[in-house]
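Add 2 to a position in the sequence shown, counting from 1, and you land on the number used in this note's numbering. Built from N, CA and C at the ideal position, the CB exists for glycine as well. Just so we're clear, the structure is a prediction, and the values are computed from it rather than from any experiment. This report concerns only the one structure given below.
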Amino acid sequence: MTMPLEIVTLPCLSDNYAFLLHNAETGRTALVDAPEAAAIRSELERRGWGLDQILLTHHHWDHIDGVADLRTAYDPQVIGASADVHRLPDLDLAVAEGDSFTCLGEEVSVLDVSGHTIGHIAFHIPSAAAVFTADSLMALGCGRLFEGTPDQMWQSLQKLAALPGETTVYSGHEYTQSNARFALTIEPDNAALQHRCKAIDAARAKGEATVPSQLQEELDTNPFLRAHLDSLKQAVGMTGASAAEVFAEIRARKDKF
């Protein structure tokens, strides 16, 4: 039996998360996104870990700013989207949807989840039942559409929704409490959502992270994954509309929330 990967949720900046993945058998460590070098280096040093790989989800500064310093300190392999090579730090490996590569001895599958940005990717590690979604699917939300269309983001979310329900979703920001308040304006009678909102408020009151989350919980409570449901279409007054149209309406409401 091989030991499972240890995954550490690491707060960075004001509300970002980076994730450290560690294989205790080999002593090797990977990082998903690099919002800042200082917090990441401090945690690596505290744990006595090096850094062998950096996986980048998209080009926004608050996900890549630490790469240069970390590269100087540890010389890791840097992996990111081939569609975004012109906006990312220099890549050692450029990947696209359908590609897979090895991270700490585990196979990683690449999903194109464009919408928040064009070229945004997610990393799915089936053996760890984990997916790293950054600013595509988020805890009780999804990323603002800076570059893509609502239809693109809906299709991206469908790829993530198709993963096994027990998959753990590692997203990029601590936005969950605000997302919860918004979700209640869409489905105020959703009992699972009501229960989750109380748990989120309790966690935040204690300063605890609400990331990661479970995919099944997102399917049950996240309005952005539920736009295909007749009950949600009715809730927003769009009975008979397509799922993509309903998603667009929910996203537009969130932008003004």
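Over what stretch of residues does the beta strand (DSSP E) that includes A164 continue unbroken? Here A164 belongs to no beta strand (DSSP E), and DSSP marks it neither H nor E.
Assign A182 to buried or exposed, taking buried as 16 or more other Cβ atoms, counted over all protein chains shown, within 10 Å of its Cβ. buried
Using CA coordinates, which residue listed in D67, N18, D101, C14 is at the minimum distance from S44? For S44, the nearest C-alpha among the options comes from C14.
Helix, strand or coil for N192 per DSSP? Of the three classes helix, strand and coil, the one that applies to N192 here is coil, per DSSP.
Give the straight-line distance between the Cα atoms of V10 and L46, rounded to the nearest whole angstrom. 11 Å
Smallest Cα separation from G82: which of G121, L72, R49, T74? For G82, the nearest C-alpha among the options comes from G121.
Closest Cα partner of P214 within the set L147, V171, L23: V171
Taking G174 and Y19 to be in contact with their CB atoms under 8 Å, please state how far apart those CB atoms are, rounded to whole angstroms. 6 Å
Euclidean distance between Cα positions of V87 and H197: 42 Å
Using three-state DSSP, classify E45 as helix, strand or coil. In this structure, E45 counts as helix in the three-state DSSP scheme.
Which two residues bound the contiguous beta strand (DSSP E) that contains A83? Per DSSP, A83 belongs to the beta strand (DSSP E) from 79–83.
Taking buried to mean at least 16 other C-beta atoms within 10 Å of its own C-beta, is K200 buried or exposed? exposed
Taking contact to mean at least 3 C-beta pairs separated by less than 8 Å, is the segment 127–141 in contact with the segment 51–59? yes
Could you give the distance in angstroms between the alpha-carbon of A131 and the alpha-carbon of L12? 19 Å
Closest to E168 by CA distance: which of G209, I202, H126 is it? H126
Buried or exposed: E176, going by 16 or more other Cβ atoms within 10 Å of its Cβ? buried
In its own chain, which residues sit with a C-beta less than 8 Å from the C-beta of D92, not counting the 5 before and 5 after it? V80
Mapping DSSP to helix, strand and coil, what is R228? Coil, per DSSP.
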